[in-house]
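Heads up, the thing below is written out as structure tokens.
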Amino acid sequence: MSGGEIRDNVSGNVGGGLCVQDRGVAQMNGGRIAENRSLAYGGGIALRDRSTLKMDAGTVSDNRAEQYGGGIFVYDSSSFSLFGGNIRGNVSSWGGGVGLLQGSMYMANGPVIMDNLNINGERSNLCINGGMTVQLANLLDTHDCIGVTAAEGVF
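Under numbering that gives the first Met the number 0, residue 154 is the last one in the sequence shown; the count climbs by one each step, no gaps.
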């Protein structure tokens, strides 16, 4: 995706806006995935079945998942690489911005993950299940802020 918009979709299960599965590969270089809804996982984007998403630019915003990953949900040994763009204003029960349940995540070059909430209105930008790994590189400076929620609580 290099432009355009995926908007106002509803999924009864996985991936309100986009579902990448079966070892699929997706790349986002711009555009907007917004105002989508999943009744279960991945309001904006869901990655499953060893799939991959590389996000260099663009916006994932104002999506909602009733269970996990309001903006982006990563599971089934999938991987998410975030090099730029914005993940903002998304809502879910767990992982308003990004829910990493089973898979991996790599972040570099200062992407923005902020202003995401759980369904109780509490901050929920990046939630990580126990045992999962998030790698950070060339990311932080004195003005950066990352909020992480582990399965056991907020840190």
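Glycine residues also receive a C-beta, built at the ideal position from the N, C-alpha and C atoms.
Remember, it's a predicted structure, so these values are computed and weren't measured experimentally.
Discussion item. Please state whether the Cβ-Cβ distance between G83 and N89 is less than 8 Å.
Written reply: Position 84 of the sequence shown, counting from 1, holds the residue named residue 83. Position 90 of the sequence shown, counting from 1, holds the residue named residue 89. No, the pair does not count as a contact, with Cβ atoms beyond the cut-off.
Item to complete: Sort out for me which residues DSSP pairs E65 with in a bridge.
Response: Residue 65 sits at position 66 when you count from the first residue of the sequence shown. Answer is none; E65 lacks a bridge partner.
Practice prompt. Identify every run of the beta strand (DSSP E) within the segment 83-141, keeping only runs that are complete inside it and at least 3 residues long; order them along the chain.
Written response: 85-87, 90-93, 97-99, 102-107, 111-113, 125-127, 132-136
Worksheet entry | N62 vs G29 beta-carbon contact at 8 Å | Mapped onto the sequence shown, residue 62 falls at position 63. Mapped onto the sequence shown, residue 29 falls at position 30. No. Outside cutoff.
Fill in: L46 - containing beta strand (DSSP E), residue span
Your numbering for residue 46 matches position 47 in the sequence shown. Run containing L46: 44-46, per the beta strand (DSSP E) assignment.
Worksheet item: Can you tell me where the beta strand (DSSP E) with Q26 in it begins and where it stops?
Response: Working through the sequence shown from its first residue, we reach residue 26 at position 27. Where Q26 is concerned, the enclosing beta strand (DSSP E) stretches over 24-33.
Worksheet entry | G57: first and last residue of the uninterrupted beta strand (DSSP E) it sits in | Residue numbering aside, residue 57 sits at position 58 when the sequence shown is read from its first letter. Per DSSP, G57 belongs to the beta strand (DSSP E) from 51-60.
Discussion item. Rounded to the nearest angstrom, what separates S103 and R47 at their Cα positions?
Written reply: In the sequence shown, counting from the first residue as 1, residue 103 sits at position 104. In the sequence shown, counting from the first residue as 1, residue 47 sits at position 48. Each residue's Cα considered, the two are about 12 Å apart.
Item to complete: Pick out whichever of T132, R122, V59 has its Cα sitting closest to the Cα of M106.
Response: Here residue 106 is taken as the residue at index 107 of the sequence shown, counted from 1. Closest option to M106, Cα to Cα, is T132.
Worksheet item: Nearest CA to the CA of F72: which residue from G14, I5, G3?
Response: Stepping through the sequence shown from its first residue, residue 72 is reached at position 73. Considering only alpha carbons, the answer is G14.
Practice prompt. Put L17 into one of helix, strand or coil per three-state DSSP.
Written response: Translated into positions along the sequence shown, residue 17 becomes position 18. Three-state result, L17: strand.
Item to complete: May I ask which residues mark the beginning and end of the beta strand (DSSP E) holding L81?
Response: As a first step, residue 81 must be located in the sequence shown, where it is residue number 82. Element bounds for L81: 77-81.
Practice prompt. Leaving aside the five residues before and after R6 along the sequence, list all residues of the same chain whose C-beta is less than 6 Å from its C-beta, in chain order.
Written response: Along the sequence shown, read from residue 1 onward, the residue named residue 6 stands at position 7. Excluding residues within five positions, the ones whose Cβ falls inside 6 Å are A33, E34.
Fill in: Helix, strand or coil at Y40 [DSSP, three-state]
Mapped onto the sequence shown, residue 40 falls at position 41. Note: Y40 maps to strand in three-state DSSP.
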